[in-house]
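K.L.:
With our numbering, letter number 194 in the sequence shown gets 287, and the count goes up by one each step, no holes.
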Amino acid sequence: MSFRIFLSPPQMGKNEQKYVDEAFRSNYIAPLGEFVNRFEKDAMSYTKSSNALALNSGTSALHLALRVSGIKSGDYILASSFTFIGSIDAILYEGAIPVFIDSDEDCWNLSPKLLEEACEKLKRDGNYPKALIVTHLYGQCAKLDEISEICKKYNVLLIEDAAESLGAFYKGSHTGAIGEFGALSFNGNKIITTSGGGMLLGKNEELMQKARFYSTQARENLPYYEHKDYGYNYRLSNICAAIGVGQLEEIESKVQKRREIFSWYEELLKGLEVEFMPELKDTRGNRWLTTLSFKNGKINPFKLVDFLATKGIESRPLWKPMHLQPLFKDSLSFSNGVSENLFKSGICLPSGGALLRSDIEEICSFVLDFVKRV
Numbered sequence: 094m095s096f097r098i099f100l101s102p103p104q105m106g107k108n109e110q111k112y113v114d115e116a117f118r119s120n121y122i123a124p125l126g127e128f129v130n131r132f133e134k135d136a137m138s139y140t141k142s143s144n145a146l147a148l149n150s151g152t153s154a155l156h157l158a159l160r161v162s163g164i165k166s167g168d169y170i171l172a173s174s175f176t177f178i179g180s181i182d183a184i185l186y187e188g189a190i191p192v193f194i195d196s197d198e199d200c201w202n203l204s205p206k207l208l209e210e211a212c213e214k215l216k217r218d219g220n221y222p223k224a225l226i227v228t229h230l231y232g233q234c235a236k237l238d239e240i241s242e243i244c245k246k247y248n249v250l251l252i253e254d255a256a257e258s259l260g261a262f263y264k265g266s267h268t269g270a271i272g273e274f275g276a277l278s279f280n281g282n283k284i285i286t287t288s289g290g291g292m293l294l295g296k297n298e299e300l301m302q303k304a305r306f307y308s309t310q311a312r313e314n315l316p317y318y319e320h321k322d323y324g325y326n327y328r329l330s331n332i333c334a335a336i337g338v339g340q341l342e343e344i345e346s347k348v349q350k351r352r353e354i355f356s357w358y359e360e361l362l363k364g365l366e367v368e369f370m371p372e373l374k375d376t377r378g379n380r381w382l383t384t385l386s387f388k389n390g391k392i393n394p395f396k397l398v399d400f401l402a403t404k405g406i407e408s409r410p411l412w413k414p415m416h417l418q419p420l421f422k423d424s425l426s427f428s429n430g431v432s433e434n435l436f437k438s439g440i441c442l443p444s445g446g447a448l449l450r451s452d453i454e455e456i457c458s459f460v461l462d463f464v465k466r467v
């Protein structure tokens with residue numbers, strides 16, 4: 094299908110091409126160079142994180158967080174069920190065991206109540222969970238106060254999957270900079286992009302230096318290649334970082350535009366029986382994607398996605414929860430039906446920063462037309 098309107102396409106700004114040209118002229122096009130360093134510093138400045146490591150994906154960032162924290166094969170790792178599989182792949186890379194936690198109705202993110210139930214159950218069984226990867230879904234903040242308290246109570250390492258939430262703030266603190274580690278993503282459809290890339294944020298400088306070491310094949314500091322441990326080819330290229338520097342300069346305007354797009358959808362679809370993804374008090378989500386759930390049970394979101402595609406408009410169902418994925422059919426989960434119901438009733442609508450109000454009006458007219466036919 095060739096779309097006229099994409100779900101969340103890249104949007105270049107004023108300086109990306111200039112910075113890429115500078116990187117080419119310097120001949121630093123490998124995973125080293127001025128723009129990699131600059132991108133890390135800029136990300137630290139914006140998120141107020143004390144450390145940042147530019148990588149080739151958000152999944153790599155999560156993987157390194159687990160690796161440097163000493164996660165081993167057979168360890169139990171708690172995780173949001175309502176998420177993209179990249180959050181969970183990192184657990185599998187270390188041979189650890191994912192335990193899935195369902196969502197709250199009032200924020201669609203991980204339920205603190207179910208998190209505590211899971212910690213208690215695993216503790217009774219002698220399977221003490223080592224870490225939690227909590228996703229800030231679609232750029233909206235999870236309940237970090239409650240989640241953090243539970244993690245402290247049970248001595249669980251808190252890792253934030255902030256892949257979708259650059260520009261989102263929880264009570265004044267940037268998502269990804271609140272837990273011990275945070276992962277950002279700069280994939281092609283994110284609110285800013287480096288074409289493909291990610292970043293690890295972290296509080297512990299020694300562990301972050303260890304992550305840096307592992308991200309460059311665990312090469313010892315010698316004039317020849319010597320390895321006492323194994324690592325990964327996870328660093329971001331200087332060319333991609335140059336794009337990221339230009340993109341990050343405009344993050345606030347990008348967030349404001351996404352939030353404006355959300356407000357247009359909210360206004361134009363207010364006559365429907367829908368619930369838009371809630372925003373917690375004292376938080377600012379980035380509204381990376383405008384997502385909603387049809388409440389009357391009559392609307393099939395999968396058919397709506399197909400219908401919009403016939404009009405040249407790309408949309409997407411909400412994430413299928415991890416505990417319902419065939420890959421994890423035998424995994425332990427603590428579910429309440431919230432994410433399953435959202436998957437069956439919800440949709441992500443086009444949210445790209447270049448969209449005009451007239452585009453949103455057209456999209457909404459098709460949504461309303463579809464609903465009338467049901």
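The beta carbon of each residue, even a glycine, is placed where N, CA and C say it ideally should be.
Which partner residues of Thr383 appear in the DSSP bridge assignment?
P.N.:
Leu442, per the DSSP bridge assignment.
K.L.:
Considering Glu411, what are the terminal residues of the alpha helix (DSSP H) in which it resides?
P.N.:
Rather than Glu, the amino acid found at residue 411 in this sequence is Leu. Leu411 -> no alpha helix (DSSP H), and no H or E assigned at all.
K.L.:
In whole angstroms, what separates the C-alpha of Ile243 from that of Gln418?
P.N.:
So the two alpha carbons sit approximately 27 Å from each other.
K.L.:
Roughly how far, in whole angstroms, is the beta-carbon of Pro222 from the beta-carbon of Leu215, given that I think they are within contact range, below 8 Å?
P.N.:
Contact holds; Cβ gap of about 5 Å.
K.L.:
In terms of residues, what are the limits of the beta strand (DSSP E) holding Ala173?
P.N.:
According to the sequence displayed, residue 173 carries Ser and not Ala. Here the beta strand (DSSP E) through Ser173 covers Tyr169 to Ser173.
K.L.:
For Cys212, I'd like the list of residues in its chain whose CB is within less than 8 Å of its CB, leaving aside the five on either flank, ordered along the chain.
P.N.:
Excluding residues within five positions, the ones whose Cβ falls inside 8 Å are Leu171, Pro222, Ile243, Lys246, Tyr247 and Val249.
K.L.:
Give the straight-line distance between the Cα atoms of Lys404 and Cys457, rounded to the nearest whole angstrom.
P.N.:
So the alpha carbons of these two residues sit roughly 12 Å apart.
K.L.:
Could you tell me how far apart the beta carbons of Gly337 and Phe132 are, in whole angstroms, since I believe they sit closer than 8 Å?
P.N.:
Yes, Gly337 and Phe132 are in contact; Cβ-Cβ is about 5 Å, under 8 Å.
K.L.:
Less than 9 Å separating the beta-carbons of Ser386 and Leu411?
P.N.:
The answer is yes: Cβ separation under 9 Å.
K.L.:
Do Ile240 and Pro205 have their CB atoms nearer than 9 Å?
P.N.:
Contact: yes.
K.L.:
Assuming Asn144 and Glu298 make a contact with CB atoms under 8 Å, what is their CB distance in whole Å?
P.N.:
Yes, Asn144 and Glu298 are in contact; Cβ-Cβ is about 6 Å, under 8 Å.
K.L.:
Which residues in the same chain have their Cβ closer than 6 Å to the Cβ of Asp168, if we skip the five residues on either side of it in sequence?
P.N.:
Within the same chain, Asp168 has close Cβ partners Ala189 and Lys223.
K.L.:
Checking 9 Å against the spacing of the C-beta atoms, do Gly339 and Lys141 come in under that value?
P.N.:
Going by C-beta atoms, Gly339 is not nearer than 9 Å to Lys141.
K.L.:
Check whether the Cβ atoms of Phe227 and Ser174 lie closer than 9 Å to each other.
P.N.:
In the sequence as displayed, the identity of residue 227 is Val instead of Phe. No, these two residues do not count as a Cβ contact at 9 Å.
K.L.:
Under DSSP, the beta strand (DSSP E) around Met292 begins and ends at which residues?
P.N.:
That run of the beta strand (DSSP E) goes Gly291 to Gly295.
K.L.:
Would you mind giving the Cβ-Cβ distance between Thr376 and Cys441, rounded to the nearest angstrom? I have them listed as a contact below 8 Å.
P.N.:
With a Cβ gap of about 20 Å, Thr376 and Cys441 do not count as contacting.
K.L.:
On a Cα-Cα basis, can you pick out the residue from Ala335, Ser288, Val464 and Ala261 that is closest to Asn120?
P.N.:
Of the candidates Ala335, Ser288, Val464 and Ala261, the one whose C-alpha sits nearest the C-alpha of Asn120 is Ala335.
K.L.:
What residue range does the alpha helix (DSSP H) around Ser205 cover?
P.N.:
A small correction: the amino acid at residue 205 is Pro; Ser does not occupy that position in the sequence shown. Pro205 -> alpha helix (DSSP H) spans Pro205 to Arg217.
K.L.:
Residue ranges of each beta strand (DSSP E) run of no fewer than 3 residues wholly in the stretch 240 to 288, ordered along the chain?
P.N.:
List check, beta strand (DSSP E) in window: 250 to 254 and 274 to 278.
K.L.:
Considering just the uninterrupted stretch of the beta strand (DSSP E) at Ser426, what are its terminal residues?
P.N.:
From DSSP, the beta strand (DSSP E) with Ser426 extends over Leu425 to Phe427.
K.L.:
Buried or exposed: where does Tyr263 fall if 16 or more other Cβ atoms within 10 Å of its Cβ makes it buried?
P.N.:
It counts as buried.
K.L.:
Please state the DSSP three-state secondary structure of Ala347.
P.N.:
Just to set this straight, residue 347 is Lys in the shown sequence, not Ala. If DSSP states are grouped into helix, strand and coil, Lys347 belongs with the helices.
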